[in-house]
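Input: a single structure, listed below in structure tokens.
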């Protein structure tokens, strides 16, 4: 008889090493690496800027990608920006970057399919 569990499969340690999205860092380590506090990281989560994954024990785990975002927020806060405003700025910057990327892809497709469309 085969049983199933809700636990995710154990990740391959070699592929996890280079994965920017792998939640490898505890809150304490993440705070030390970003030069912030655990409270600052929790505040970023409360603002919806980053959502750390949780370990089986319920502890927050952060990825390198999330730590880079936290450092962007820290830089803005260090310059005098309120934390909620810093989070909103970063979210809007990322949305703008994504929209520009999509627009560029659409322009490339349109130019490739109909060269006269640009005139």
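Residue numbers (UniProt numbering): 1 to 119.
Ideal Cβ positions, reconstructed from N, Cα and C, are used throughout, including at glycine.
So residue 67 and residue 26 are in contact, right, with Cβ under 8 Å, and what is the actual spacing, rounded? Walking along the chain shown from the start, residue 67 turns up at place 67. Walking along the chain shown from the start, residue 26 turns up at place 26. With a Cβ gap of about 12 Å, residue 67 and residue 26 do not count as contacting.
From residue 57 to residue 36, what does the alpha carbon distance come to, in whole angstroms? Taking the first residue of the chain shown as 1, we reach residue 57 at position 57. Taking the first residue of the chain shown as 1, we reach residue 36 at position 36. Their Cα atoms are separated by approximately 23 Å.
Is it a yes or a no for the segment 73-90 touching the segment 44-53, going by three-plus beta-carbon pairs under 8 Å? Taking 8 Å as the limit for Cβ pairs, the verdict is that the segment 44-53 does touch the segment 73-90.
Look at the alpha carbon of residue 89 and the alpha carbon of residue 54, and state the distance between them as a whole number of angstroms. Counting from 1 along the chain shown, the entry for residue 89 is found at position 89. Counting from 1 along the chain shown, the entry for residue 54 is found at position 54. C-alpha separation (whole angstroms): 26 Å.
Looking at residue 64 and residue 20, is the spacing between their C-beta atoms short of 8 Å? Numbered from its first residue, the chain shown carries residue 20 at position 20. Numbered from its first residue, the chain shown carries residue 64 at position 64. Going by C-beta atoms, residue 20 is nearer than 8 Å to residue 64.
What does DSSP give as the partner residues of residue 25 in its beta bridges? Within the chain shown, residue 25 is the residue found at index 25, counting from 1. Paired residues: 62.
Best match in 18, 61, 22, 23 for proximity to residue 38 [C-alpha to C-alpha]: Counting from 1 along the chain shown, the entry for residue 38 is found at position 38. Out of 18, 61, 22, 23, 61 has the C-alpha closest to the C-alpha of residue 38.
DSSP three-state call for residue 53: helix, strand or coil? Here the question's residue 53 lines up with position 53 in the chain shown. DSSP places residue 53 in strand when its eight states are reduced to three.
Sub-8 Å separation of residue 41 and residue 31 beta-carbons: For the purposes of this step, residue 41 is identified with residue 41 of the chain shown, where counting begins at 1. For the purposes of this step, residue 31 is identified with residue 31 of the chain shown, where counting begins at 1. Going by C-beta atoms, residue 41 is nearer than 8 Å to residue 31.
Separation of residue 99 from residue 92, as counted between CA atoms: By 1-based counting over the chain shown, the position of residue 92 is 92. By 1-based counting over the chain shown, the position of residue 99 is 99. Pairing residue 92 with residue 99, the inter-Cα distance amounts to about 10 Å.
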